[in-house]
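> Residues in the sequence shown are numbered consecutively from 2, following this note's numbering. The beta-carbon is built from N, C-alpha and C at its ideal position, and this holds for glycine as well. All values derive from a computational prediction rather than experimental measurement. Below is one structure. I have some questions about it.
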Amino acid sequence: MKKKTLAVVVALAVAIGGGAWFANKGPAEQGTAQAPGSGGARGKGKGEQGPTTVNVVAPLRQDVPVALSANGTVSPISTVDLHPQTTSTIVKVHVKEGQFVKQGELMFSLDARTEAANVEKADAQVAKDRATLADLERQYKRAQELRTQNFLAQSAVDTLKSQVDSSRAALEADIAVARASKVDQSFTQIRSPLTGRVGAINVYPGSLVQLSTSLTTVTQLNPINVAFTVPESSLAALLDAQRAGKVAVQAFQNNSDKPIKGQLSFVDNTVDPVAGVIRVKAVFDNADTRLWPGQYVNTKLTVATLKDALVVPQNAIITNTKGTFVYAVAPDQTAKVVNVQRIHGFGALAAVTGLNGDEQIIVEGKQNLRPGGKVRIAEPAVAQNGKGHKKGKSE
2 MKKKTLAVVV ALAVAIGGGA WFANKGPAEQ GTAQAPGSGG ARGKGKGEQG PTTVNVVAPL
62 RQDVPVALSA NGTVSPISTV DLHPQTTSTI VKVHVKEGQF VKQGELMFSL DARTEAANVE
122 KADAQVAKDR ATLADLERQY KRAQELRTQN FLAQSAVDTL KSQVDSSRAA LEADIAVARA
182 SKVDQSFTQI RSPLTGRVGA INVYPGSLVQ LSTSLTTVTQ LNPINVAFTV PESSLAALLD
242 AQRAGKVAVQ AFQNNSDKPI KGQLSFVDNT VDPVAGVIRV KAVFDNADTR LWPGQYVNTK
302 LTVATLKDAL VVPQNAIITN TKGTFVYAVA PDQTAKVVNV QRIHGFGALA AVTGLNGDEQ
362 IIVEGKQNLR PGGKVRIAEP AVAQNGKGHK KGKSE
């Protein structure tokens, strides 16, 4: 029994000693065994870093239109709500809802019997006044002849003269009354004040109408306005373009890329200080009635053109606390910082200053770059239409 216990103790001592030796020596030997496979990578990591693979583009020179885009609302130049100017009844409705009418076209006829009688009465009074005046003028002429022969006193002549003047004034007053009665008669025929489209008609023959009764509306559709807003920062360029001449404006209906052409017609006299925008309007030829009042459209207007500008992709431009710049490939195949200024962005491209035009601008891979870091050009390209055109194969 003592022999067995001694053997167990010896075996445990050997096991503990072997584990301790393995813990101290094993990893070192394992590292020595793996050195041939991993030592090259570690050695390279501790040394100089390899070049970063990048894609580059060359800047383009082109004319860049500076365009403003905004959402607009179609609004008519004028809309008239028709009301009668007298209390009467509708005799006839000459138009239909939705009909296009010309200026001066008869739309409603009212009961005109009373007005017609008043006109006849006024005309008769004018005729009576004319006859009275003619008689007094004849008497006054004879009185003047008798006065020259001393058969009549001067006071009698003066009395006739005052009667002639009074009769002439009465005639003028009655002529004015007759003219007013004809104006009242004209109110019984309601004509279109403008060329446009008739809205909903709210009365029918036999309807009693008053001054507050709305008969219908007439809306001018051609030409037509589109109202929209532009940022306050674009106001100076917009006013300069307006002073230089007509400013072209395009309107696009939803789900349509076919532009409707118009021109800027109005710039408001006040900038909205809360929103920082200014309200403008453009007028459009709408003979085909593609634009409709209340419709929402997308508008685009060009306020200037940047001649022979340098254009680079937007995603090549980096902005941080130090400013705005791009990475370019130096002759020694390193990345160098070129400070630029973004003049105008349009889609995937932007017009910038600060470049010579012969640089190789880094587009992809710049997130791993540092100034002076080695680069390897993978696929040179030329910026074109926001995509890129291959110039060479991978190196």
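When you compare only the Cα positions, how much space is there between V327 and I344?
Position 326 of the sequence shown holds residue 327. Position 343 of the sequence shown holds residue 344. Distance between the alpha carbons of V327 and I344 is about 14 Å.
> So, is the C-beta of T115 closer than 7 Å to a C-beta in chain D?
Looking for chain D here will not work: only one protein chain is present.
> Which class does A59 belong to by DSSP, given the choice of helix, strand or coil?
As a first step, residue 59 is located in the sequence shown; it is residue number 58 there, counting from the start. The answer is strand: DSSP assigns A59 an E or B state.
> Give the straight-line distance between the Cα atoms of T214 and A123, rounded to the nearest whole angstrom.
By 1-based counting over the sequence shown, the position of residue 214 is 213. By 1-based counting over the sequence shown, the position of residue 123 is 122. When rounded, the distance between both Cα atoms is 29 Å.
> Quick check on the DSSP output: the alpha helix (DSSP H) that includes I176 runs from which residue to which?
Locating residue 176 in the sequence shown gives position 175, counting from the first residue. I176 -> alpha helix (DSSP H) spans Q155 to S187.
> For S110, tell me which candidate among F101, K93 and Q104 has the shortest Cα-Cα distance.
For the purposes of this step, residue 110 is taken as residue 109 along the sequence shown, with counting starting at 1. Ranked by Cα distance from S110, the options F101, K93 and Q104 are led by K93.
> Buried or exposed: where does G27 fall if 16 or more other Cβ atoms within 10 Å of its Cβ makes it buried?
Walking along the sequence shown from the start, residue 27 turns up at place 26. In this prediction, G27 has a pLDDT of 45, which is less than 50 and means its spatial position is unreliable; nothing more can be read from the coordinates.
> To the nearest whole angstrom, what separates the beta carbons of V65 and L236, a pair I think is in contact under 8 Å?
Translated into positions along the sequence shown, residue 65 becomes position 64. Translated into positions along the sequence shown, residue 236 becomes position 235. So it is not a contact: roughly 20 Å between Cβ atoms.
> Identify every residue that forms a DSSP beta bridge with R343.
Position 342 of the sequence shown, counted from the first residue, corresponds to residue 343. Paired residues: V353.
> For Y297, name the three-state secondary structure that DSSP assigns.
Here residue 297 corresponds to residue number 296 of the sequence shown, with the count starting at 1. Of the three classes helix, strand and coil, the one that applies to Y297 here is strand, per DSSP.
> In the DSSP output, which residue or residues are listed as bridge partners for Q251?
Here residue 251 refers to the residue found at position 250 when the sequence shown is read from its first residue. In DSSP, Q251 forms a bridge with K262 and K301.
> Since D136 is in the beta strand (DSSP E), which residue starts that stretch and which ends it?
As a first step, residue 136 must be located in the sequence shown, where it is residue number 135. No beta strand (DSSP E) holds D136; the alpha helix (DSSP H) holding it covers R114 to T149.
> Would you call the CB atoms of I225 and F267 closer than 7 Å?
Stepping through the sequence shown from its first residue, residue 225 is reached at position 224. Stepping through the sequence shown from its first residue, residue 267 is reached at position 266. No, they are not a contact pair.
> Less than 7 Å separating the beta-carbons of Q368 and A329?
To locate residue 368, count along the sequence shown from 1; it is residue 367. To locate residue 329, count along the sequence shown from 1; it is residue 328. Cβ atoms of Q368 and A329: not closer than 7 Å.
> Decide yes or no for the touch test of the segment 234-250 against the segment 290-306: beta carbon pairs closer than 8 Å, at least 3 of them.
yes
> Measuring straight from C-alpha to C-alpha, what distance separates S167 and I78?
To locate residue 167, count along the sequence shown from 1; it is residue 166. To locate residue 78, count along the sequence shown from 1; it is residue 77. About 51 Å.
> Would you mind working out which of N321, A59, T87 and S193 sits nearest Q186, comparing C-alpha positions?
The residue given as residue 186 occupies position 185 in the sequence shown. Among N321, A59, T87 and S193, the Cα nearest to that of Q186 belongs to T87.
> Less than 6 Å between C-beta atoms, sequence neighbours within five positions excluded: which residues of the same chain meet that for V272?
Counted from its first residue, the sequence shown places residue 272 at position 271. Excluding positions up to five away in sequence, the list reads E233 and I279.
> So what does DSSP say about A72, is it helix, strand or coil?
If you number the sequence shown from 1, residue 72 lands on position 71. Per the sequence shown, the amino acid found at residue 72 is Asn instead of Ala. In this structure, DSSP gives N72 an extended state, which the three-state scheme calls strand.
> Just tell me which of D241, A242, R291 and P274 has its CA closest to the CA of P260.
Residue mapping note: residue 260 aligns to position 259 of the sequence shown, counting from 1. It is R291.
> Any contact of the segment 168-187 with the segment 121-138, i.e. 3+ C-beta pairs under 8 Å?
yes
> Should L172 and L212 be called a contact, given that it needs their Cβ atoms to be closer than 7 Å?
The residue given as residue 172 occupies position 171 in the sequence shown. The residue given as residue 212 occupies position 211 in the sequence shown. Result no, Cβ atoms of L172 and L212 do not sit closer than 7 Å.
> In the structure shown, what three-state DSSP assignment does A379 receive?
Here residue 379 refers to the residue found at position 378 of the sequence shown. Looking at A379 - three-state DSSP - the assignment turns out to be coil, as it is neither helix nor strand.
> In the DSSP assignment, find the unbroken beta strand (DSSP E) run with R244 in it and report its ends.
For the purposes of this step, residue 244 is taken as residue 243 along the sequence shown, with counting starting at 1. Taken as a continuous stretch (DSSP letters only), R244 belongs to no beta strand (DSSP E), being part of the alpha helix (DSSP H) at L236 to A245.
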